[in-house]
Amino acid sequence: QKEVEQDPGPLSVPEGAIVSLNCTYSNSAFQYFMWYRQYSRKGPELLMYTYSSGNKEDGRFTAQVDKSSKYISLFIRDSQPSDSATYLCAMNRIQGAQKLVFGQGTRLTINP
Amino acid sequence: NAGVMQNPRHLVRRRGQEARLRCSPMKGHSHVYWYRQLPEEGLKFMVYLQKENIIDESGMPKERFSAEFPKEGPSILRIQQVVRGDSAAYFCASSDRGETQYFGPGTRLLVL
Chain E
1398 QKEVEQDPGP LSVPEGAIVS LNCTYSNSAF QYFMWYRQYS RKGPELLMYT
1448 YSSGNKEDGR FTAQVDKSSK YISLFIRDSQ PSDSATYLCA MNRIQGAQKL
1498 VFGQGTRLTI NP
Chain U
11 NAGVMQNPRH LVRRRGQEAR LRCSPMKGHS HVYWYRQLPE EGLKFMVYLQ
61 KENIIDESGM PKERFSAEFP KEGPSILRIQ QVVRGDSAAY FCASSDRGET
111 QYFGPGTRLL VL
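Protein sequences appear in the order of chains E and U.
Numbers given in the numbering used here equal positions in the first sequence, counted from 1, plus 1397.
Numbers given in the numbering used here equal positions in the second sequence, counted from 1, plus 10.
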């Protein structure tokens, strides 16, 4: 079983729709949670960084963490074609190892 | 403020040759991480270094792979005697206190 599970998609939605992306994890030691966006043949770009359970909002993006269910989500409001990319969730432990553990990534396409 | 730089961006090697990948972290960052991304997969941690020290190499293959981050100059990931299975995108990330990691554009290695 993978430490972090993420549906690879692909996910295709019309412009303006609300997009929901999700990851589940098995290790309760994970305390820091991140979402990265990766355009084709580019490096991952940090979108959101959260620590505690609850919601964190940044513009059209909202990150949600539910540690009791070991479940994290990224919501994109008013989606735009420029949001088309692969979205990767990542997480690491509060102390000790600093490596990030990534989900497989979800490929998202926003259709004009 | 320049981001993480990696070179070369593309590297072609024949089986048995050596591949040397370079990473210059963001200004002020002293923590460097290397990740590998196979096609249609998420990023997999390889190694975490600070200046002149390997902190965590739990993701590094036991043979042929090595990494360093000298006091002066870039971090280098070296792959000796490359095989076709080494073909992948290799990403470097850097951070200042081991939390938020910022990624470079990657080096795409193709082994013929």
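Note that CB positions come from ideal geometry on N, CA and C, so glycine has one too.
Taking CB atoms only, T117 of chain U has no neighbour in chain E less than 7 Å away. Rounded to whole angstroms, the separation of the alpha carbons of M70 of chain U and K1464 of chain E is 30 Å. Scanning chain E for C-beta atoms nearer than 8 Å to the C-beta of F101 of chain U yields G1440, P1441, reported in chain order.
Counting of Cβ neighbours within 10 angstroms places N63 of chain U among the exposed residues, the total staying below 16. Nearest CB-CB separation between F55 of chain U and chain E: below the 7 Å threshold. N17 of chain U is bridged by DSSP to U:R32. Any Cβ of chain E closer than 7 Å to the Cβ of G95 of chain U would place that residue at the interface, and such an atom is absent.
Residues of the same chain with a CB within less than 6 Å of the CB of Q90 of chain U, apart from the 5 flanking positions on each side, are E28, R74 in chain order. U:G52 is the residue among U:T117, U:F113, U:G52, U:P80 whose C-alpha sits nearest the C-alpha of V1498 of chain E. The Cβ atoms of M1445 of chain E and F1458 of chain E sit closer than 7 Å to each other. Secondary structure in the stretch 21-84 of chain U: the beta strand (DSSP E) runs of 3 residues or longer, each lying completely within the stretch, are 29-34, 41-47, 53-60, 63-66, 75-78 in chain order. Going by C-alpha positions, A99 of chain U is about 23 Å away from F1430 of chain E. Using a Cβ-Cβ cut-off of 7 Å, F113 of chain U counts as an interface residue toward chain E, since at least one Cβ of chain E sits closer than that to its own.
Between the alpha carbons of D66 of chain U and S40 of chain U lies a gap of roughly 15 Å. By the Cβ-count criterion, V42 of chain U is buried, with 16 or more other Cβ atoms from all chains shown falling within 10 Å of its own Cβ. Taking C-alpha positions only, L1408 of chain E is separated from L48 of chain U by approximately 20 Å. The Cβ of G26 of chain U sits no closer than 7 Å to any Cβ of chain E. The beta carbon of G13 of chain U sits closer than 8 Å to the beta carbons of M36, Y112, G114 from its chain, once the five residues preceding and following it are set aside; these are given in chain order.
Listed along the chain, the chain E residues whose CB falls inside 7 Å of the CB of E51 of chain U are Q1501. Residue contact check for Q1428 of chain E against chain U: no CB pair falls below 7 Å. Taking 7 Å as the cut-off, the beta carbon of C33 of chain U is found closer than this to the beta carbon of P84 of chain U. Measuring C-alpha to C-alpha distances from G38 of chain U to each of U:R30, U:L119, U:R23, U:Q60 identifies U:Q60 as the nearest. Between R1434 of chain E and A1482 of chain E, the CB-CB gap stays under 7 Å. The beta-carbon distance between V1416 of chain E and I1469 of chain E, rounded to whole angstroms, is 15 Å. This is too long to meet the 8 Å contact definition.
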